[in-house]
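Heads up, the thing below is written out as structure tokens.
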Amino acid sequence: MGTNYSGGVEEVAAMPWKDHSPCFMLNEMETQISGNQQPELDRHRCERRVLASPGSSLVDLCVRRVCCNLLAAETPLYDLVASSSTTPSTELPTELVAKLLACLVDHGAMTQATFRSVCHLAGPTIQHLRGCLDLRDAWLDGMDLSHVVHVDVGGCTRLQGGARSLLPPLVQLRFASFANCRQLSSAALARMLRPSTHLAVLDLSGCDRLNDTALRALRSLQQLVRVNLSRCGHITDRGLSYLPLSIQELAIARCDALTDVGLRDAVANMVRLTALDLSHGNFTNQGMLWLAEGVAPRLRRLAIAGCQHIDQDGLEGLGPVLECLDAAQCGGVRGPMALWTQLKELTLARCGCRDMDMMPLASMVHLRALNVSRTGRALTTWRMKQWSTLTDLRHLSMAGSTVDDETLLHLCLHLHDLERLDVAHTAVSDAGMVHLKHLAKLAYLNADTEGMTYHALPFICEATTLTSLDVFGASIADRGLEHLAKVPHLTKLVICGGRVSDAGVRLIAMHAPQLTRLNLSQNRNIHSHALAHVAKLPHLASLNLSHTSISTTGLHHLLGLTQLRTIAIYGVEVTDEMVALLTGMHRLFALCSSSPKIDCPHSTTSDAVEWETIGCPTPLCESLFPRVVR
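For what it's worth, the working numbering labels the leading residue of the sequence shown as 1104, then goes sequentially.
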């Protein structure tokens, strides 16, 4: 958002939220550092595997070596550093300590002993524990946290906040994330944060045990500028009234107990508020009217996605400074207001858009992201062609709209700075791909359309800057896959039209060796021996082989992919032996299968296999609190 905070907290503007921490263990190292062979990691919950990956920096290798020593020899970090130090000081740089903590957490290898060892030299921060599922209150007992500035324990679901070390006032705290700490109580949070008068950024999203008592403790925190209370279902309108008026950015998405009264009595009085997320709430036009009498004219970013009771009339109070609006799934919203001349991001996906109401869009020359997907036949191609004036546009999603080849060609000739383009489920065919070569910055393309065939691949691959290509339901076969060699940075590929065979898999592995995510589901002509080619993709992290013709024999090839974290094999029969091997791969975050035999301890739901879809602009809650995967 670019907000400058008082109190010297500009450094917390970029908040490192993280969705998940893949649970796979540290392994032995093949790489040598300074001529010394890396120590073998003792069998710690899983068999030893090679962790070093191509392109690892010297710092990364050093971090891995220290982590291996910590786990294998159980050597205190202080002793490891002291034994190699040539100076009296043995304190490690904060950045290196952060990498150590992140490495241990990412590999599911953080224990109380290793945590204490690292924190001996960590300094006043425990901000790199996000996703540490084993973190408990007892880990923090006896630690001096009185000078802590940053706390990031998001996703630590066993943390309750009752540690004795959290009882002293955290008077220096400026950044705190307790996102998805579902055991955290209101009393514990109030005790921790009430003295934290320097606190500027607070994320409590997903803390579903919190109630108004927790918010009462925030009343005196007059430097608080960013607050995320999304998915806190027990917070009421009274609780909102406790929030300090210093808040500039507030997210209260999916808070079912909140009503328009909270907007009137609390939010409307926050004179500095510039960003507000009301997504999927029970708010109505009346609440928007009350906002219009207060903060609405000054709002720069607003999300009302899924607010079914807010329509076009509810938007009339928004002022000319509005830069971002997410009104997805608001059936009563028909289009932008003409006075929004500074608009940069607009999402109207699944809205009640009308062609005439979209007329002001062509004059919004500062627009950088536009999403009009799933609007059916509400928009004409004539209207879409007028968007060629939006030369600053970077993200454009027209999935499920009336866009055709002629319209797409017209836009490609004018919107040269496009980075993301989604034309899935439209009438676009091979001919529409001809002018992609004019998009010199295109990184993401979703061309999941029935009219797309292998004839389009030569034109698609003229966009040599592509990193992600989704042709899920297109009629793409083996022929033409050799053109992937023209796209050296392609890391994500989705081809599920049913026409790719074993030969096509060989071409993919040969010409796109840098892939990290690959979805080949629904291709019944892919058999087990094709996985020998998949095994040649050293960076592969996510793989979907659902409803192919592979068998247990082929799955053995995947055991050597050291970066693999998610596998989807729905509709594939597996033996008990293979189940044991796959579920024993602790580096996996998720193993998704319809087989009742599979019960991977780290699996959650099938959507853990993330096949990226365009979402432009970024939902406001993620803009306020961006999630960054290490």
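Don't be surprised by glycine CBs; every beta carbon is placed ideally from N, CA and C.
Within a 10 Å sphere around the beta-carbon of Val1162 sit fewer than 16 other beta-carbons, which makes this residue exposed. Distance from the Cα of Asp1679 is smallest, within the candidate group Thr1665, Asp1525, Ala1671 and Leu1658, for Leu1658. Rounded to whole angstroms, Val1475 and Arg1602 show a C-alpha spacing of 30 Å.
Taken in chain order, the whole alpha helix (DSSP H) runs of length 4 or more contained in the segment 1635-1678 are 1655-1658.
For Lys1447, the three-state secondary structure derived from DSSP is coil.
Residue environment analysis places Pro1196 among the exposed positions, since fewer than 16 neighbouring C-beta atoms fall within 10 angstroms of its C-beta. Following the DSSP letters along the chain, one finds Leu1346 in no alpha helix (DSSP H), marked with neither H nor E. Between the segment 1518-1537 and the segment 1494-1508 there are three or more C-beta pairs closer than 8 Å, enough to call the two in contact. Of the candidates Ala1205, Ser1160 and Glu1198, Ala1205 places its Cα closest to the Cα of Cys1170.
Within the model, the alpha-carbon separation for Gly1397 versus Arg1367 is close to 8 Å.
An exposed status is given to Ser1160, since fewer than 16 other beta-carbon atoms sit within 10 Å of its beta-carbon. Val1251 places its beta carbon less than 7 Å from that of Leu1273. Looking at the DSSP output, Ser1280 bridges to Asp1255 and Asp1306.
A straight line joining the alpha-carbon of Leu1587 with that of Val1436 spans about 41 Å.
With a threshold of 16 other beta carbon atoms within 10 Å, Asn1283 meets it and is buried. Residues of the same chain with a CB within less than 8 Å of the CB of Gly1663, apart from the 5 flanking positions on each side, are Ala1638 in chain order. Partner residues in the beta bridge of Ser1578, as assigned by DSSP, are Thr1556.
Per DSSP, Ala1216 is one residue of the alpha helix (DSSP H) stretching across Gln1215 to Cys1222.
For the 7 Å CB-CB criterion, Gly1600 and Ser1578 form a contact. With fewer than 16 other Cβ atoms from the protein chains shown falling within 10 Å of its own Cβ, Asn1372 counts as exposed. In the DSSP assignment, Cys1695 forms a beta bridge with Ala1671. Assignment of Arg1329 by DSSP, reduced to helix, strand and coil, places it in the strand class. DSSP places Val1597 in the uninterrupted beta strand (DSSP E) bounded by Lys1595 to Val1597. Looking only at Ser1349, Asn1331 and Thr1316, the smallest Cα-Cα distance to Arg1341 is reached by Thr1316. Annotation for Ser1289: the continuous alpha helix (DSSP H) segment containing it runs Ser1289 to Leu1296. In the three-state DSSP reduction, Asn1388 falls in the helix class (H, G or I). With at least 16 other beta carbons inside 10 angstroms of its own, Glu1426 counts as buried. Following the DSSP letters along the chain, one finds Arg1486 in no beta strand (DSSP E) but inside the alpha helix (DSSP H) bounded by residues Thr1484 to Lys1488. With at least 16 other beta carbons inside 10 angstroms of its own, Lys1595 counts as buried. Residue range Glu1352 to Ala1354 is occupied by the beta strand (DSSP E) that includes Glu1352.
Residue Arg1233 holds the alpha-carbon nearest to the alpha-carbon of Ser1280 among Gly1264, Arg1233 and Ala1241. Bounds of the beta strand (DSSP E) holding Cys1427 are Cys1427 to Asp1429. In its chain, beyond the 5 residues on either side, Cys1456, Asp1458, Met1461, Val1475, Ser1504 and Thr1505 have a beta carbon closer than 8 Å to the beta carbon of Leu1482. The alpha-carbon of Leu1623 is positioned some 51 Å away from that of Gly1245. The Cβ atoms of Ala1430 and Leu1402 do not sit closer than 7 Å to each other. Shown here for Leu1327: same chain residues with a beta carbon closer than 7 Å to its own, the five before and five after excluded, namely Leu1302, Ala1303, Leu1305, Leu1321, Pro1347, Ser1349 and Ile1350 in chain order.
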